[in-house]
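Engineer: If you read the sequence shown in numbering that gives the first Met the number 0, its first letter stands for residue 0, the second for the next number, and so on.
Beta carbons are placed, not taken as given, at the ideal position from N, Cα and C, and that holds for glycine.
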Amino acid sequence: MRKIVIAGNWKMYKTQAEALEFLQGFLPQLTETPEDREVVLCAPFTALVSLSQNLHGSLVRLGAQNVHWESAGAYTGEIAPSMLTEIGVRYVIVGHSERRQYFGETDETVNLRLKAAQAAGLLPILCVGETKQQRDSGETEAIIFNQLEKDLKAVDQQNLVIAYEPIWAIGTGDTCESVEANRVIGLIRSRLTNPNVSIQYGGSVKPENIDEIMAQPEINGALVGGASLQPDSFARIVNFK
Ligand code: PGA
């Protein structure tokens with residue numbers, strides 16, 4: 000059975016106070032949320048402790064946005080897996096296109112981070128996807144297959160979520176057609192050894208398109224940026240019909 004995972008990626012938004020204010024508006028809207036779905040908030044590191052303390056007893060799981068592969072060491076600015084698990088973090092985004100594009104993340108470091116996250120008991124959400132230029136020149140499949148091959152070397156596919164995030168759809172309002180997202184996600188699945196990996200779609204997911212996206216048979220969830228920042232809009236997304 001593939002688990003449905005709806006994750007908010009807050010990126011570099013929300014102070015600790017703003018994160019707690021979000022919860023006040025968000026949690027009361029989850030009373031009717033079906034238990035077949037996992038709801039995750041991937042918050043900035045500085046908000047994780049407060050969120051963790053305020054999520055007890057709720058069905059919301061906590062996620063981080065990156066993790067280093069060493070357990071400790073002289074790595075200024077990085078966060079070790081045990082620093083996350085200690086405070087109740089369960090999920091971690093790895094290889095987001097913004098990390099790859101702006102911070103020099105490579106398939107090799109993505110692979111190291113995935114394995115370290117799993118070894119610590121975190122559930123990584125691996126992001127893959129093509130640029131507009133790659134799509135226009137017919138390279139979508141080749142790019143994604145190449146990412147999967149390198150990123151997933153020796154990675155445990157029993158403890159993994161993948162997010163298909165076409166880069167041209169992130170933060171642009173330009174959602175990938177749900178049928179096309181379903182097609183690419185089917186192709187991603189065909190390259191996996193575990194057919195039950197949950198695969199999310201990400202890129203301009205909103206209250207207006209979530210029902211259609213989740214109606215697609217291959218799509219098992221969503222990774223949501225901008226629309227996860229407001230309690231009402233993210234609540235409507237996690238309560239998709
Ligand atoms: P978006 O971001 O929903 O704002 O397009 C998605 C993501 O970057 O994960």
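Spell out the partners DSSP gives residue 230 in its beta bridges.
Structural biologist: BP columns for residue 230 are empty, so no partner.
Engineer: Quick check on the burial criterion: 16 or more other C-beta atoms within 10 angstroms. Buried or exposed for residue 13?
Structural biologist: By the neighbour-count rule (16 or more Cβ atoms within 10 Å), residue 13 is buried.
Engineer: Would you kindly work out how many angstroms separate the C-alpha atoms of residue 71 and residue 135, rounded to a whole number?
Structural biologist: Cα to Cα, residue 71 sits roughly 42 Å from residue 135.
Engineer: Would you list, in sequence order, the uninterrupted alpha helix (DSSP H) runs of no fewer than 4 residues that lie entirely inside the region 174 to 225?
Structural biologist: Runs found: 177 to 189, 209 to 213.
Engineer: Tell me whether residue 236, by its Cβ, gets closer than 7 Å to a heavy atom of ligand 1.
Structural biologist: For ligand 1, not one heavy atom lies less than 7 Å from the Cβ of residue 236.
Engineer: Evaluate contact between the region 24 to 33 and the region 106 to 122, counting only Cβ atoms and requiring at least three cross-stretch pairs below 8 Å.
Structural biologist: No contact exists between the region 24 to 33 and the region 106 to 122.
Engineer: Using a threshold of 8 Å, state whether the C-beta atoms of residue 242 and residue 146 are closer than that.
Structural biologist: Given that the chain is displayed from residue 0 to residue 240, the structure contains no residue 242 and the question cannot be resolved.
Engineer: Quick check on DSSP: helix, strand or coil for residue 101?
Structural biologist: Helix.
Engineer: Just list the alpha helix (DSSP H) runs in the region 25 to 70, keeping only unbroken ones of 4 residues or longer that don't cross its boundaries, in chain order.
Structural biologist: Complete alpha helix (DSSP H) runs here, min 4: 44 to 53.
Engineer: Across the region 77 to 85 and the region 204 to 219, are there enough close Cβ pairs to call them in contact, namely three or more that are closer than 8 Å?
Structural biologist: Too few Cβ pairs lie closer than 8 Å, so no.
Engineer: In chain order, what residues of the same chain lie with their CB nearer than 6 Å to the CB of residue 251, ignoring the 5 residues before and after it?
Structural biologist: Residue 251 is absent from the structure shown; the chain starts at 0 and stops at 240.
Engineer: Let's test the definition: count the other Cβ atoms within 10 Å of the Cβ of residue 123 and tell me whether it reaches 16, buried, or not, exposed.
Structural biologist: So residue 123 counts as buried.
Engineer: Compute the distance between the beta-carbons of residue 53 and residue 29, then report whether it is under 8 Å.
Structural biologist: For residue 53 and residue 29, no; Cβs fall outside 8 Å.
Engineer: At what residue ranges does the region 100 to 160 contain a whole run of the alpha helix (DSSP H), taking only runs of 4 or more?
Structural biologist: For the region 100 to 160, whole alpha helix (DSSP H) runs of length 4 or above, ordered along the chain, are 106 to 118, 131 to 135, 139 to 150.
Engineer: Using 10 angstroms around the beta-carbon of residue 96, count the other beta-carbons present and answer buried if the total reaches 16, otherwise exposed.
Structural biologist: It counts as buried.
Engineer: Could you give the DSSP three-state label for residue 16: helix, strand or coil?
Structural biologist: Helix at residue 16.
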